[in-house]
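Peer 1:
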Amino acid sequence: MYNSKIIGMGMYVPENVVTNDDLTDIMDTSHDWIVERTGIQERRHIKKGDGNTTATMGVKAAKIAIERAQIDKKDIDLILFATLSPDYYFPGSGVIVQQHLEIPNCPAMDIRNQCSGFIYALSTADQFIKTGMYENILIIGSENHSGGLDMTTRGRGVSVIFGDGAGAVVLSRTEDTDKCILSTHLHSEGQFAEELALIGPSTNRWVPEIIEANDPMDISYYPNMNGQLVFKNAVVRFSEVIMEGLQQNQMTPDQIDMLIPHQANLRISQFIQRKFGLSDDQVYNNIMRYGNTTAGSIPIALTEAWEEDKIKSGDLVVLAAFGSGFTWGSALIRW
Ligand code: ACO
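For the record, in the sequence shown the residue sitting at position 282 is 438 according to the working numbering, with numbers rising by one throughout.
1. Among P247, L305, T287, I293, which has the Cα closest to the Cα of D233?
2. Since I456 and I337 should fall inside the 8 Å C-beta cutoff, what is the C-beta to C-beta distance between them, to a whole number of angstroms?
3. Is S339 near G485, with beta carbons less than 8 Å apart?
4. Inspect the CB distances between the region 222-240 and the region 435-442 and report whether three or more fall short of 8 Å.
5. Flag W484 as yes if its beta-carbon sits less than 8 Å from any beta-carbon of chain D, otherwise no.
6. Could you tell me if the beta carbon of F274 falls within a distance shorter than 7 Å of some heavy atom in the ligand ACO?
7. So what does DSSP say about G248, is it helix, strand or coil?
8. Look at F394 and I424 and say whether their C-beta atoms are less than 8 Å apart.
9. Using 8 Å for Cβ pairs, my map puts L305 next to F284. What's the rounded Cβ distance?
10. Would you call A369 buried or exposed, if buried means 16 or more other Cβ atoms sit within 10 Å of its Cβ?
11. The alpha helix (DSSP H) spanning Y446 covers which residue range?
12. For K388, which residues does DSSP report across the bridge?
13. Would you say W484 touches the ligand ACO, meaning its beta carbon is less than 7 Å from a heavy atom?
14. Should V316 be listed as close to the ligand ACO, given that the test is whether its C-beta is under 7 Å from any heavy atom?
15. Would the beta-carbon of N448 be found less than 7 Å away from any heavy atom of the ligand ACO?
16. Quick one: give me the first and last residue of the alpha helix (DSSP H) that N172 is part of.
17. Give the straight-line distance between the Cα atoms of N441 and A324, rounded to the nearest whole angstrom.
18. So, at 8 Å on beta carbons, what are the nonlocal neighbours of S503 in its own chain, with the 5 sequence-adjacent residues on each side left out?
19. Should I271 be listed as close to the ligand ACO, given that the test is whether its C-beta is under 7 Å from any heavy atom?
20. For the region 461-481 against the region 391-408, do three or more pairs of beta-carbon atoms, one drawn from each stretch, fall closer than 8 Å, so that the two count as touching?
21. Taking Y377 and P409 to be in contact with their CB atoms under 8 Å, please state how far apart those CB atoms are, rounded to whole angstroms.
22. In terms of residue numbering, what span does the beta strand (DSSP E) encompassing F478 cover?
23. Per DSSP, what kind of secondary structure is G401 in: helix, strand or coil?
24. For N159, which residues does DSSP report across the bridge?
25. If you run the structure through DSSP and keep just helix, strand and coil, what is W362?
26. Would the beta-carbon of S480 be found less than 7 Å away from any heavy atom of the ligand ACO?
27. Alpha carbon to alpha carbon, how far is D184 from E171? Give it in angstroms, no decimals.
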């Protein structure tokens, strides 16, 4: 029986910084409202013509992760790409990454689990490694939110929260039973599918119908979110799924060295921090600078935490996410 460990990490965010004050120029909002409710100070948005797409940002993050992993890209056995904002309706963005990285024949698969996408991908990769099927798996989480947000006052409840960016890791086989992914835990609750969703365009609403309707401001083209319901469920599910992981490993919250929550909202992360009695040094937050980058948020935060030397060999690192679906999950890693 094999285990898996992260051997390389990378991240990329577009250069274009959008501050809260920039948003006040285009919608009725304020820096104070956004900071008070979400903790976000600024986010990155792709700029038209800067060459960034969901897949190409993923490629930039992946190249750094592969270089740090010190493996040849030809040794990657599988590409897993987590996103809610793929380049194309089909094919998935995993194969676009494969095209750019020029890796000839490995499988590439997209994971569609929104904010929990990276944890779902990590868990999937861990299973493939545990069975012995694959040795090196490239996992990417990437989002281009800015192109699809309603940047008017009507959309302010959603659009101030999200930012663009990508993170990537290389997960590899290890025979070490100590320093590895200890366990992953996944959940969904489909009864809330439409509470945080982008309904159209979709196969319920094909292009000819959209053209016929001729309404570019149709509300269904933009993400909708029942913010308070999301908040209430998030704090409960984050807590549950972290405890589930700890209990499975016969551990207690005081053994956590670093919690890296999906960067949904700083208030959610602070709630979890208080609930588990963790210090500021034990929870990594960068939502202030990038907003919520959904599937990109955990690998971006993990990369930054590692670059800042906040994760050390032997640490218990806990990853946790909650989001659209609703979906949620956690991963416990002995670093
Ligand atoms: N600027 C100024 N005012 C705003 C804005 C804005 N950007 N957005 C909403 N408002 C107004 C509303 O219109 C409303 O005004 P009204 O009282 O005159 O009707 C008022 O502020 C309060 O609106 P609420 O929606 O009730 O605000 P709330 O306090 O719930 O905060 C928020 C909204 C920040 C979205 C909150 O519900 C939240 O954080 N929810 C969790 C959302 C989240 O984390 N989503 C991401 C996780 S899932 C994922 O990552 C995909």
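By construction, the Cβ of each residue, glycine as well, lies at the ideal position given by its N, Cα and C atoms. Computed from a prediction, not measured in an experiment: that's the story for all the values here.
Peer 2: So, from the listed chains and residues:
1. I293
2. Not quite, the Cβ-Cβ distance comes to about 19 Å (not below 8 Å), so this is no contact.
3. no
4. no
5. This model lacks chain D altogether; it includes just one protein chain.
6. no
7. coil
8. yes
9. With 8 Å as the limit, L305 and F284 do not qualify as a contact, their Cβ atoms being about 34 Å apart.
10. It is exposed - the Cβ of A369 has fewer than 16 other Cβ atoms within 10 Å.
11. 443-446
12. The partner list for K388 (beta bridge, DSSP) is empty, contrary to what the question assumes.
13. no
14. yes
15. Annotation for N448 indicates a beta carbon within 7 Å of some heavy atom of the ligand ACO.
16. Careful: N172 lies outside any alpha helix (DSSP H) and carries neither H nor E.
17. N441 and A324: Cα-Cα distance of roughly 18 Å.
18. This structure leaves residue 503 out entirely; the chain is present only between 157 and 491.
19. Checking the sequence shown, residue 271 turns out to be Cys, not Ile. Yes.
20. yes
21. Actually they are not in contact, since the Cβ atoms of Y377 and P409 sit about 42 Å apart, beyond 8 Å.
22. DSSP places F478 inside the beta strand (DSSP E), whose first and last residues are 472-479.
23. Collapsing the DSSP output to three states places G401 in a helix.
24. T330
25. Residue state, collapsed to three classes: coil.
26. Correct: S480 has its Cβ closer than 7 Å to the ligand ACO.
27. Cα to Cα, E171 sits roughly 25 Å from D184.
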